[in-house]
Ligand code: NAP
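In our numbering, the protein residues as written are 8 to 343.
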């Protein structure tokens, strides 16, 4: 069966996901496109999906009988309404992060999906599909013993003026928040933020870097440095310290060179290059589940827990050094 997919939001990631469905993955075809800007949707139709129909609104696209499954790739504030409409139409829905811009909004999606009685939503937390993180999880599960601490870093070369302090949580740390829950099979109980002195390259409305400390229900302490003006590259680091040993996230493959009396490995500078393969794997997983009318992978519940934790981290930014509780409500059986 070919899954007929409708893509809502044809900006950067919507275009890229359309390309991978049309040119890289198997079992699906993009048959419908919609964007706030009809011109953007038509450009993607012209370049990548000439047989797709352009719909004026996302709601019309979701309701269309020719659409089996939906990709929500529009601006974050529009995700909740589209995901709720896809659930109401009983169509599998892949939603880019964030699932919703508030924890309450994400909870409304969880409630609607639970009421529908089956998994229909996959959230775009692609790091769970990254070969490095998959290998790290295996090492932690099979070799290093029960985790005690995690040391991590998320570094970007630079960010634009519009990037303000809370975005370090909502836009940047959000991927670590999800992947560490998955990696440790654990939930968070508190969040704490500390700020070293702000770096010289930062902007007026951004305190950078910052260190977020998350403590889990099993007592693991996770320290993550977020440094979005680090200048030198896009660098994701993660080291898990366990009872019997330590496991590190592998570096992306890079040819090592001996040149001019130096030993060199190139470091990536763009996040798209770092996780390009994992986007392919996550969407192929979505297509496989959508073909049988359901969803797998990161769930609405994971999207909701990420939103709850993000809110606690942003609150922790306001009271530097204080531990802000992260409350995890009971997990519905659908997500067990
Ligand atoms: P983008 O380039 O700005 O694209 C978003 C598109 O959605 C724009 O064309 C925008 O049109 C359109 N749009 C706005 N409101 C809409 C509506 N109500 N209905 C339909 N389309 C609408 O942004 P992006 O970088 O692709 O990001 C899109 C989403 O993906 C964001 O939530 C982002 O966080 C997420 N994302 C996730 C990852 C990841 O690693 N998983 C990576 C990148 C992005 P206008 O420009 O005319 O407003």
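For each residue, glycine too, the CB sits at the ideal point set by N, CA and C.
- No heavy atom of the ligand NAP is found nearer than 8 Å to the CB of residue 293.
- Residue selection by CB proximity (closer than 6 Å to any heavy atom of the ligand NAP) returns 15, 16, 17, 18, 19, 20, 21, 41, 42, 43, 44, 47, 65, 80, 81, 82, 83, 85, 103, 104, 131, 133 in chain order.
- In the DSSP assignment, residue 306 falls outside any alpha helix (DSSP H) and carries neither an H nor an E.
- For the set 61, 186, 212, the Cα lying nearest the Cα of residue 305 is the one of 186.
- Here the alpha carbon of residue 75 sits roughly 8 Å from the alpha carbon of residue 297.
- Taken in chain order, the complete beta strand (DSSP E) segments of 3 residues or longer contained in the region 240 to 323 are 242 to 249, 253 to 255, 263 to 266, 269 to 272.
- When DSSP states are grouped into helix, strand and coil, residue 201 belongs to the strand group.
- The way I'd put it, the region 61 to 80 does touch the region 91 to 98; three or more beta-carbon pairs between them come closer than 8 Å.
- Judged by their CB atoms, residue 233 and residue 180 are nearer to each other than the 9 Å cut-off.
- Sequence-distant Cβ neighbours of residue 338 in its own chain, meaning closer than 8 Å and more than five residues away, are 308.
- Checking the DSSP bridge columns, you'll see residue 161 partnered with 233, 243.
- Residue 280 sits exposed, since fewer than 16 C-beta atoms from the chains shown fall within 10 Å of its C-beta.
- Annotation: residue 55 to residue 27 spans about 10 Å, alpha carbon to alpha carbon.
- Within the same chain, Cβ atoms closer than 8 Å to the Cβ of residue 30 are found at 55, the five residues on either side in sequence being excluded.
- DSSP, read as helix, strand or coil, puts residue 132 in coil.
- Approximately 7 Å separates the beta-carbon atoms of residue 13 and residue 71; this is inside 8 Å, confirming the contact.
- Between residue 293 and residue 137, the C-beta spacing is not below 9 Å.
- The region 146 to 161 makes contact with the region 241 to 258: 3 or more CB pairs, one atom from each, lie closer than 8 Å.
- Rounded to whole angstroms, residue 240 and residue 161 show a C-alpha spacing of 10 Å.
- Cβ contact annotation for residue 247 (same chain, cutoff 6 Å, sequence separation greater than five): 147, 154, 157, 254, in chain order.
- A direct Cα-to-Cα measurement between residue 18 and residue 42 gives close to 8 Å.
- Residue 199 counts as buried, since at least 16 other C-beta atoms from the protein chains shown sit within 10 angstroms of its C-beta.
- Rounded to the nearest angstrom, the Cβ distance from residue 193 to residue 224 is 6 Å, consistent with a contact under 8 Å.
- Only residues of its own chain outside the window of five on either side were considered, and among them 13, 69, 93, 98, 100 have a CB closer than 6 Å to the CB of residue 77, listed in chain order.
- Nearest Cα to residue 32 within the set 126, 139, 290: 290.
- Distance between residue 301 and residue 126, taken at the CA atoms: about 6 Å.
- Residue burial is scored here from C-beta neighbours: residue 113 has at least 16 other C-beta atoms within 10 angstroms and is therefore classed as buried.
- Residue 73 carries a coil assignment under DSSP once its states are collapsed to helix, strand and coil.
- Checking the DSSP bridge columns, you'll see residue 36 partnered with 11.
- Judged by DSSP secondary structure, residue 176 falls outside any alpha helix (DSSP H); it is assigned neither H nor E.
- Where residue 60 is concerned, the enclosing beta strand (DSSP E) starts and stops at 60 to 62.
- Residue 321 and residue 173 do touch by the CB rule: their CB atoms are close to 5 Å apart, below 8 Å.
- Looking at the DSSP output, residue 79 bridges to 15, 102.
- For residue 170, the three-state secondary structure derived from DSSP is coil.
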